[in-house]
Amino acid sequence: MAERADPILRTHDLHRDFGGVHALRGVDLQVRRGSITGLIGPNGSGKTTFFQVVSGVDRGASGEVWFDEQQILGLKPYEIYQRGLARTFQLSRVFPNLTVLENLVVAAHRHDAGARERALGLLERVKLQDYLQVRGEDLSYGQQKLVEFLRVLMSEPSLILLDEPAAGVNPTLRQTLWEMVRHLNALGTTFLVIEHNMEVIADLCTEVYVLSEGEIIAHGDFAAIRNDERVLEAYFGKARTPAADRGHDAHA
Amino acid sequence: MPARQMLLAALLVGLALVIPQFASDYYVSFLLQLLMMVALAQSWNLISGMTGYVSFGHAAFFGIGAYAGTLLLQGGSPWWLTVLEAGAIAGLVSVPLGLLTLRLRGPYFAIAMLGLNEVGRAIATLWVDVTRGGNGITISPAILPSLSSNYYTMLLLAAAVTALTAWVYHRRFGLELRAIREDEGAAEMVGVNTTRNKLTAFVLSALVPGAVGTVYAFYTSYVNPSSVFSPALNIQMIVMVILGGSGTVWGPVLGATLVMILRELLWANFPALHLAAVGGLLLLCMLFLPGGLLSLGQSRRRLRAELAKGGGSG
Amino acid sequence: MELLDPVILLQFLIGGLLAGALYALLACGLNLVFGVMRVINVAHAEFMLIGAFIAYVLYKWLGLHPVVALLVTVPAVFLLGVVVQRLLIERVVGRPLLTSLLATYALSIILVNLGLLIFASDYRAVPVMQGSLAFGDIVIPKPRAAAALVSIVITVSVYLFLGRTRLGKAIRAVSEHAQVAQICGIDVVRIRMLTFGLAAAMAAAAGVMLTMIYSFSPESGADFTQKCFAIIIIGGMGNFLGALYGGILLGVVESFVGGFVSTQWAEATAYLLLVLVLLIRPTGLTGIADAR
């Protein structure tokens with residue numbers, strides 16, 4: 002099968018203004034098909050807002066969002082989900098009074114006859130198969146985040162937006178989660194991941210976008226952006242960049 | 029649906045089928061009203077219990093059905109057909125209403141629906157050409173179905189809507205409705221078409237009250253704005269479901285039975301006391317037992333499940 | 006051409022403003038409760054009726070003029086509101102909005118039916134202050150003028166109270182962010198009790214003035230509840246000024262509809278306006294709460 006070279010997700014000049022707070026200022030971003038792309042940036046840089054806009058929850062943005070060469074800006078969240086773009090939340094939004102099985106099955110496509118089997122299989126991968134009939138609110142937080150992660154896999158999306166999927170999960174299961182991401186990626190699923198843990202980003206992502214104050218300030222593989230001036234400035238502030246230090250020395 | 033429950037249901041339906049052969053008209057009337065309450069409660073449960081969109085003015089559909097059925101009957105239609113047609117009319121009215129109000133999130137939907145019953149009553153009072161206004165319409169006994177016919181129709185409606193609820197509950201549609209109730213935003217995020225689901229549930233929940241309203245009109249042989257667009261009926265619909273356990277299949281049945289018993293005790297002499305008591309029950313439920321009586325049994329089951337689970341956290 | 010006679014238009018306008026002032030008083034109280042504790046009090050109009058019936062009883066037994074009865078009724082219902090809040094409402098604060106909605110709906114049913122048990126469904130009124138004031142061609146019935154005056158005085162006082170006094174600011178702080186207010190040392194529970202009592206007192210004041218204008222029964226609350234909700238949806242939930250403007254708007258529109266169309270359509274105005282606003286802008290004209 003020939004690999005498609007076009008990006009699976011493409012945004013152009015994405016702007017989101019919350020009555021004075023300019024959360025996104027013309028974001029241009031492309032996610033390569035079959036990649037695991039990272040999205041990093043300091044707190045408040047607009048990463049989650051970006052996810053909100055792309056996934057259809059926030060419908061107040063302007064610009065263009067192309068998924069699989071289809072304009073999706075303005076579509077309802079469930080329409081976007083049904084086209085194959087799924088996302089997880091930063092804080093777990095598991096359905097509290099539904100059982101784990103119900104939580105998973107509801108996320109599968111409507112006429113999917115094999116949903117139950119797939120749910121069982123996924124639960125076995127993370128050793129939660131005994132928790133089938135347990136209600137969402139009775140799970141521990143880490144378990145909830147795992148179930149939420151499994152939930153978006155139920156419809157077999159082609160692009161998954163992960164918003165800090167490992168936060169709150171214990172180290173062992175965190176490993177399992179990243180393994181699953183790699184495994185699914187090898188099978189063709191593309192990922193766009195928000196993460197604060199730089200080791201994970203370095204390990205997992207083939208390329209990284211850096212967002213700061215609503216703008217993309219760097220893009221490339223991790224090694225390249227790690228030493229990028231603007232990135233360091235965004236994270237640590239002007240005074241601490243090597244160039245500023247050199248300039249300071251020169252004037253001393 | 030669990031075999032035990034189906035057996036119980038079959039038993040109850042069997043009893044209901046047979047009782048009129050032995051019982052006096054008084055008891056048949058009582059059962060008719062009980063079945064009416066069950067049908068109304070289950071209908072309300074379909075939208076408010078399952079999706080969490082509390083429909084405050086739902087009695088309006090009862091009123092619409094009562095008038096529609098009466099007028100159709102007087103127009104010459106056979107009575108059983110008018111029951112179906114009135115239900116359909118109520119359903120039809122609910123479509124634009126639903127499209128308009130279901131766009132709003134929970135509490136705003138509730139507020140928008142709050143005045144619906146009053147609006148229905150006002151229209152019935154003012155549209156004198158059609159409804160004879162406050163005087164109401166008395167139906168000639170010549171065209172009315174018998175008590176027996178009314179009874180069995182009511183039984184059919186109650187059984188049908190309960191079966192519908194059970195069917196919905198265990199299917200994909202019911203799961204999606206419950207997901208909407210849990211977290212509508214998250215439900216949208218996992219592909220649930222919330223608009224279509226809510227609207228479908230709303231329309232379904234309007235059909236049966238419409239039909240039931242017609243049968244009630246035939247039973248009392250009289251409709252007037254206050255009697256069919258009744259605030260008393262409105263509150264009782266809500267309390268029956270919440271008291272019994274909203275969002276479940278048997279909760280409304282349990283709640284309807286309890287409210288009817290209370291009614292038998294109090295209504296004849298002190299209608300206001302009955303309603304105050306009903307209000308009191310609702311208040312107590314909201315303060316202490318929002319899941320209704322059925323949730324009492326549930327907590328015990330959950331506790332047992334917890335203990336059986338033993339350790340093992342993620 | 007007669008309908009467009011400026012005098013008649015002015016008459017409708019003034020009539021509407023007067024009624025609107027009363028509505029605004031009612032709606033502002035409801036809004037206050039929502040703002041401070043995120044509770045939608047469906048029983049608000051019933052507190053108004055409690056005020057009305059107290060005034061009625063005082064008139065019947067002691068011959069007290071309603072305006073004088075205010076002095077007794079308002080504090081009494083204030084205390085009642087405080088007690089109701091502490092015993093009942095406090096328990097549903099923080100729970101989903103629908104829980105409080107259903108709970109207060111239940112409360113309203115209880116109050117209405119207790120009222121029916123005590124007073125039956127007969128309509129009552131207090132026939133004092135007969136006659137009208139005339140300003141040129143404009144005629145203003147005295148009770149309405151008095152009611153509007155009292156409403157304005159109370160509403161403005163409450164507005165100033167909220168804006169200028171320490172207690173008022175504490176109330177606003179809790180309304181903005183209860184947790185932060187608590188950390189700053191504000192006794193949030195006490196504030197909620199006071200707020201609810203204040204809102205109930207405002208409603209009761211409206212009820213007392215009502216006795217001179219309309220005839221009422223324990224079941225009269227429904228109409229006013231409808232109007233109140235229409236007002237706060239139009240004006241935006243949680244917005245004090247929004248409730249004020251909304252109340253006046255409703256009063257004026259009702260007056261014009263009643264004048265140009267019919268009184269029956271005027272009664273439907275509240276619901277029609279509500280539907281209109283919901284169609285166009287579900288968050289109301291100036292809202293803080295997210296409706297969608």
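Residue numbers (our numbering), protein chains in the order written: chain G, 2 to 253; chain H, 29 to 342; chain D, 6 to 297.
For each residue, glycine too, the CB sits at the ideal point set by N, CA and C.
Beta carbon proximity, residue i to chain H, threshold 8 Å
i, result
"D/Y28", "no"
"D/Q269", "yes"
"D/F234", "yes"
"G/P78", "yes"
"D/V194", "no"
"G/H110", "yes"
"G/S159", "no"
"D/R297", "Annotation note: pLDDT 33 at D/R297 (below 50); position unreliable, no value reported."
"D/I157", "no"
"D/L154", "no"
"G/Q83", "yes"
"G/S156", "yes"
Min CB distance residue i to chain D below 8 Å
i, result
"H/G80", "yes"
"H/G308", "yes"
"H/P169", "no"
"H/P318", "yes"
"H/I270", "yes"
Proximal residues of chain H, C-beta to C-beta of residue i below 8 Å
i, result
"D/Y128", "Ordered by position in chain H, no residue passes the 8 Å Cβ test against D/Y128, which lies about 15 Å from the chain."
Inter-residue spacing [alpha-carbon to alpha-carbon] between residue i and residue j
i, j, result
"H/G283", "H/N262", "14 Å"
"G/V58", "H/N221", "13 Å"
"H/S105", "H/V111", "10 Å"
"D/S156", "D/L23", "9 Å"
"G/F68", "G/I9", "6 Å"
"D/S162", "D/S137", "27 Å"
"H/A116", "H/A245", "16 Å"
"D/V179", "D/L103", "21 Å"
"G/M2", "G/L188", "Confidence is the limiting factor: at G/M2 the pLDDT is only 45, short of 50, which leaves the residue's position unreliable, though a coordinate-based value still follows. Whole-angstrom Cα-Cα distance: 13 Å."
"G/G215", "D/G99", "34 Å"
"G/T207", "G/H13", "21 Å"
Cross-chain neighbours of residue i in chain G, by beta carbon under 7 Å
i, result
"H/A207", "F96, L99, V107"
"H/N73", "Residues of chain G passing the Cβ test: none, with the nearest at roughly 16 Å."
"H/R131", "Going along chain G, no residue has its Cβ under 7 Å from H/R131, so there is no contact; the nearest lies around 12 Å."
Chain-ordered chain H contacts of residue i [CB-CB under 9 Å]
i, result
"D/V97", "M314, L315"
"G/V58", "G213, E216, M217"
"D/N46", "Chain H residues near D/N46: none, gap ~12 Å exceeds 9 Å."
"G/E103", "L203, R206, A207"
"G/R88", "M217"
Interface flag, residue i vs chain G, CB-CB below 8 Å
i, result
"H/V156", "no"
"H/L203", "yes"
"H/E113", "no"
"H/E210", "yes"
Neighbouring residues, chain G, relative to residue i (Cβ below 8 Å)
i, result
"H/T222", "Y79"
Partner residues on chain D for residue i, Cβ-Cβ distance less than 8 Å
i, result
"H/V147", "A273, Y276"
"H/P135", "I45, L102, L103, L106"
Within chain H, the residues that residue i reaches when beta carbons sit closer than 7 Å
i, result
"G/Q31", "Those within 7 Å of G/Q31 in chain H number zero; the least Cβ separation is about 23 Å."
Residue ranges of each alpha helix (DSSP H) within the stretch 239 to 281 of chain H, 4 or longer: 253 to 256, 259 to 272
Report yes or no: do the stretch 297 to 308 of chain H and the stretch 111 to 128 of chain D share at least 3 C-beta pairs separated by less than 8 Å? yes
Contact between the stretch 120 to 128 of chain G and the stretch 195 to 204 of chain G: three or more CB pairs below 8 Å? no
Can you list the beta strand (DSSP E) stretches of 3 or more residues lying completely in the stretch 101 to 161 of chain D, in chain order? 137 to 140, 143 to 146
What are the start and end residues of each continuous alpha helix (DSSP H) run of 4 or more residues lying completely inside the stretch 83 to 149 of chain H, in chain order? 87 to 102, 107 to 129, 134 to 142
Say whether the stretch 257 to 274 of chain H touches the stretch 77 to 85 of chain D, bearing in mind that this needs 3 or more beta-carbon pairs closer than 8 Å, one atom from each stretch. no
Mind the definition here: the stretch 44 to 60 of chain H touches the stretch 204 to 220 of chain H only if three or more C-beta pairs lie below 8 Å; say whether that holds. no
For a minimum of 3 consecutive residues, which ranges assigned as the beta strand (DSSP E) are wholly contained in the stretch 46 to 131 of chain G? 63 to 68, 86 to 88
Counting Cβ pairs, one atom from each stretch, are 3 or more of them under 8 Å apart for the stretch 178 to 196 of chain D and the stretch 251 to 262 of chain D? no
Looking at C-beta atoms only, is the number of pairs between the stretch 231 to 249 of chain H and the stretch 85 to 103 of chain H that lie closer than 8 Å three or more? yes
Unbroken stretches of the alpha helix (DSSP H), 4 residues or longer, contained in the stretch 60 to 99 of chain D: 71 to 89
The stretch 73 to 93 of chain G touching the stretch 24 to 40 of chain G, judged by at least three CB pairs closer than 8 Å: no
Quick check on the DSSP output: what are the complete alpha helix (DSSP H) runs of length 4 or more inside the stretch 134 to 188 of chain G, in order along the chain? Contiguous alpha helix (DSSP H) elements confined to the stretch 134 to 188 of chain G occur at 142 to 154, 172 to 187, taking only those with 4 or more residues.
Looking at C-beta atoms only, is the number of pairs between the stretch 70 to 77 of chain G and the stretch 96 to 109 of chain G that lie closer than 8 Å three or more? The stretch 70 to 77 of chain G, when compared against the stretch 96 to 109 of chain G, does not touch it at the 8 Å Cβ threshold.
Segment contact flag, the stretch 254 to 263 of chain D with the stretch 133 to 151 of chain D, C-beta cutoff 8 Å, min 3 pairs: no
Three Cβ pairs or more, each shorter than 8 Å: is that satisfied between the stretch 39 to 59 of chain G and the stretch 139 to 156 of chain G? Segment contact: the stretch 39 to 59 of chain G against the stretch 139 to 156 of chain G, fewer than three CB-CB distances shorter than 8 Å; contact not assigned.
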